[in-house]
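Novice: Protein chains in written order, with the numbering used here: chain E, 85 to 255; chain L, 55 to 474. Cβ coordinates follow ideal geometry from the N, Cα and C atoms, glycine included. These numbers come from a predicted model, not from an experiment. Right, I'll just put the structure down here and ask away after.
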Amino acid sequence: MTPTDSANTPGRAWIFGDNVSTDLIFPGRYVHLLSNMPELVGHTLEDARTDYAPNVKPGDFVVAGENFGMGSSREQAPVIIKLSGARAVLAKSFARIFFRNAINIGLAAIEVDTTGIKDGDKLTIDLEAGVLKDQASGIERRFEPLPPIMTEILRDGGLIEHIKKHGDINL
Amino acid sequence: MPMTLVEKILANKVGHDVRPGQLVMTPVDQVFAHDLSGPLAISQLRSLGFKGFKHPEKVRFFLDHASPSSTVASANEHKTIREFASEWGVELVDVGEGICHQVMMEKYVRSGEIIIGGDSHTCMGGVLGALATGMGSTDVAIAMYLSRTWLRVPDTMRFVINGRTPHGVYSKDVMLHIIGRIGAGGATYRSMEFVGSTIAEWPVPERSTLPNMAVEAGAKCGLCPSDARTLEYLTQQGRAKDYTALSGDLDAPCNFEMKVDASALEPQIALPHNVDLVVGVTDPKVRNVRIHQIYLGTCTNGRIEDFRVAAGVLKGNKIAKGTRLVATPASRQVYLQGMKEGLWTAIVEAGGLVNSPGCGACPGVQTGILGSGENCLSTMNRNFKGRMGNPEAFIYLGSPATCAASALAGVITDPREVVR
Ligand code: SF4
């Protein structure tokens, strides 16, 4: 499932708090696994909650509070979230390097009010229209869709694929 | 029209006026990656089928994070980077030269430049009046190749810092205090511009802790003016020709301004596990907190000035029983200078140990990983859970003086009585 599929297939919400750092997403002690992605993915977000990596299903959502992804520039943080199966990260706000990295590697990072969403709620999202729905609570939230260049990068599957296709990057 | 410093830099580079929030495509003057961010950047470049850089002189790779290598995996990654650098004709700053940000400041950063680094603390380059900002490996790879990148023009937050810091209080304390006030996300996407009489007085190395930690408040960049102090530093570094005067207009509109009275501060401590949980050193929350490891160094406080302060406190004394002290100079230049001044002798005689230049224990892959339940007090910039390699450990942040004083006492200690 690509991030821009506006499928009505719901995904489960995995709730995280504020200030989830890249150290919590990708603990530094696993750098030796960089060349072993499948195993590294098994440690995704491990220091934030241990039940996420073993149980997440393709199409689920990482749902967080403020300042998600603060800290280091390690791009493997969004990479392993994407590889873990998450369709998007929904957060009240993002740390800027994480945000750029997520788009660049083809993981949708959506700034949206996540208040009231509960762990395990079934969510659907329409990226282009900017609508998030929580089937459990009936919450419906609108968000500012991404600037066109970022939507295009996501649709192409990340910055590398985008450059392969267009040979360049233009606003 | 009056402009903030970041607006001036960007307007000059893109060739037209800019306003906060605007997306711009900008030329890039220097791009670098290190041994953790470099391998992925290299594999991205290779997967694109590129065969070389248009501007190899703008590109650099540093081996500083897992350095010297402590595992076969990191040794092989170093090898990949060395081979790539020689094949593509770019500079390799090898093991032992020091931390990328420190070396960039010593040798390469010029005011007015736009610098992209594959590391979040790239913002430290702002100390010399450059728009230096961290990005991930893919952005870095593309910036290396295209010599340009897109940026959102950041809002500016102006920090007006006035007054002389009291004895035993340093730029680290000022920055911890600022982050404590605005929070870990308080400057997200923005540019922190540091001005005022305190900044005007501080030499560049003392200033550098502020832009270094700008990312700890979420900022895109942290900037100091390029002024007489900048010229003085560049002259010491044999690079006076790299100097251009550049500062933000103080009447430029910006929607946030904070005044800081540096003369009223006491030494500050950040509590585990958030950089913005900041208290004064006399706060009951930190009084008598037992410290198992002191870590002196990193891009934040691994300079010769920092080790002079720490060694001054340690010289002729003994580190407390049950506390260990690890020191890691930020660069070869610092290492050599410390040798000449006998700083390492003072630290080792006091019972500490000194590592070769690099990131050392900071990223949690080598030389000083903490035991479960242990407390560390460090001159580092971040104390997140799991930083330094063990999520069961606790990291407190403070200045080099506070760290050295606490090493002698074995508990968090106010340095003001022992600093010489
Ligand atoms: S010293 Fe620490 S914070 Fe600085 S670049 Fe190295 S790992 Fe990052």
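Pull up the DSSP beta-bridge partners for L/Gly334, would you.
Specialist: L/Gln322.
Novice: Taking C-beta pairs closer than 8 Å, name the residues in chain E that L/Ile192 reaches, listed in chain order.
Specialist: Before going on, a small fix: residue 192 of chain L reads as Thr here, not Ile. By Cβ distance, chain E contributes Glu159, Asn185, Asn188, Ile189, Gly242, Leu243 and Ile244.
Novice: Counting only beta-carbon separations shorter than 8 Å, does L/Tyr243 have a partner in chain E?
Specialist: Answer yes: the Cβ-Cβ gap between L/Tyr243 and chain E drops below 8 Å somewhere.
Novice: Taking the C-alpha atoms as reference points, what is the distance between L/Leu350 and L/Ser432?
Specialist: If you take the alpha carbons of L/Leu350 and L/Ser432, they lie about 6 Å apart.
Novice: Counting only runs that start and end within the stretch 91 to 172 of chain L, where is the beta strand (DSSP E) found for 3 or more residues in a row?
Specialist: Complete beta strand (DSSP E) runs here, min 3: 113 to 116, 145 to 147 and 168 to 171.
Novice: DSSP three-state label for L/Lys398, please.
Specialist: Looking at the sequence provided, one finds Trp at residue 398 of chain L rather than Lys. Here L/Trp398 sits in helix by DSSP.
Novice: So for E/Phe100, helix, strand or coil by DSSP?
Specialist: Correct three-state label for E/Phe100: coil.
Novice: Spatial neighbours of E/Leu167 within its chain, please: CB distance less than 7 Å, with the 5 preceding and 5 following residues excluded, ordered by chain position.
Specialist: Around E/Leu167: Met121 and Val125.
Novice: Using only the heavy atoms of the ligand SF4, determine whether one of them is closer than 7 Å to the beta carbon of L/Asn435.
Specialist: L/Asn435: yes, Cβ under 7 Å from the ligand SF4.
Novice: Would you report the Cα separation of L/Ser410 and L/Met229, rounded to the nearest angstrom?
Specialist: If you take the alpha carbons of L/Ser410 and L/Met229, they lie about 27 Å apart.
Novice: Beta-carbon separation of L/Leu424 and L/Cys416 under 8 Å?
Specialist: No, these two residues do not count as a Cβ contact at 8 Å.
Novice: Measuring from the CB of E/Asp144, is there a heavy atom of the ligand SF4 at a distance below 7 Å?
Specialist: Checking every heavy atom of the ligand SF4 against the Cβ of E/Asp144, none is found closer than 7 Å.
Novice: Buried or exposed: L/Ser140, going by 16 or more other Cβ atoms within 10 Å of its Cβ?
Specialist: That one is exposed.
Novice: Which term fits E/Leu289, buried or exposed, when burial requires 16 or more other beta carbons within 10 angstroms of its beta carbon?
Specialist: Chain E is shown from 85 up to 255; residue 289 of chain E falls before or after that span and cannot be answered.
Novice: Taking Cβ positions only, does E/Met154 come closer than 8 Å to chain L?
Specialist: Chain L contact via Cβ: present.
Novice: Once you ignore the five residues that flank L/Asp148 on each side, which residues in its own chain have a CB closer than 7 Å to its CB?
Specialist: Result list for L/Asp148: Leu117, in chain order.
Novice: By a C-beta neighbour count over all protein chains shown, 10 Å radius and 16 as the cutoff for buried, is E/Met85 buried or exposed?
Specialist: With a pLDDT of 49 at E/Met85, under the threshold of 50, the modelled position of this residue cannot be trusted; read the value that follows with caution. Classification for E/Met85: exposed.
Novice: Verify whether the separation of the beta carbon atoms of L/Ile169 and L/Lys67 is less than 8 Å.
Specialist: No, these two residues do not count as a Cβ contact at 8 Å.
Novice: Please check if any C-beta of chain A sits within less than 8 Å of the C-beta of L/Leu94.
Specialist: Although the question refers to chain A, the structure presented lacks it and instead comprises the protein chains E and L.
Novice: Using a cut-off of 7 Å between C-beta atoms, extract the partners of L/Arg100 located in chain E.
Specialist: Those do not exist, as L/Arg100 stays about 11 Å from chain E at its closest Cβ, beyond 7 Å.
Novice: Assuming L/Val419 and L/Ser165 are in contact, meaning their beta carbons sit under 8 Å apart, how far apart are those beta carbons, in whole angstroms?
Specialist: That belief does not hold up - the Cβ atoms of L/Val419 and L/Ser165 are roughly 34 Å apart, past 8 Å.
Novice: Could you check whether the stretch 390 to 400 of chain L touches the stretch 334 to 342 of chain L, counting it as contact only if at least three pairs of C-beta atoms, one from each stretch, sit closer than 8 Å?
Specialist: Taking 8 Å as the limit for Cβ pairs, the verdict is that the stretch 334 to 342 of chain L does not touch the stretch 390 to 400 of chain L.
Novice: Could you check where the alpha helix (DSSP H) with L/Cys353 kicks off and where it finishes?
Specialist: Looking at the DSSP string, the run of the alpha helix (DSSP H) that includes L/Cys353 is Thr352 to Asn355.
Novice: Looking only at its own chain, which residues have a Cβ that is under 8 Å from the Cβ of L/Gln76, when we skip the five neighbours before and after it?
Specialist: So the list reads Arg206 and Val207, once near-sequence residues are dropped.
Novice: Less than 7 Å separating the Cβ of L/Pro259 from some heavy atom of the ligand SF4?
Specialist: No; taking the cut-off as 7 Å, the Cβ of L/Pro259 has no heavy atom of the ligand SF4 nearer than that.
Novice: Once DSSP output is grouped into helix, strand and coil, what is the label at L/Met55?
Specialist: In this structure, L/Met55 counts as coil in the three-state DSSP scheme.
Novice: Is there at least one non-hydrogen atom of the ligand SF4 closer than 7 Å to the beta-carbon of L/Cys308?
Specialist: L/Cys308: no, Cβ never under 7 Å from the ligand SF4.
Novice: According to the neighbour-count rule (16 or more other Cβ atoms, all chains shown, within 10 Å of its Cβ), is E/Val147 buried or exposed?
Specialist: With 16 or more Cβ atoms within 10 Å of its Cβ, E/Val147 is classed as buried.
Novice: Determine the direct distance from the alpha carbon of L/Ser453 to that of E/Pro231, and round the result to whole angstroms.
Specialist: Those two C-alpha atoms are separated by around 42 Å.
Novice: What is the residue span of the beta strand (DSSP E) that L/Ile449 lies within?
Specialist: From DSSP, the beta strand (DSSP E) with L/Ile449 extends over Phe448 to Leu451.
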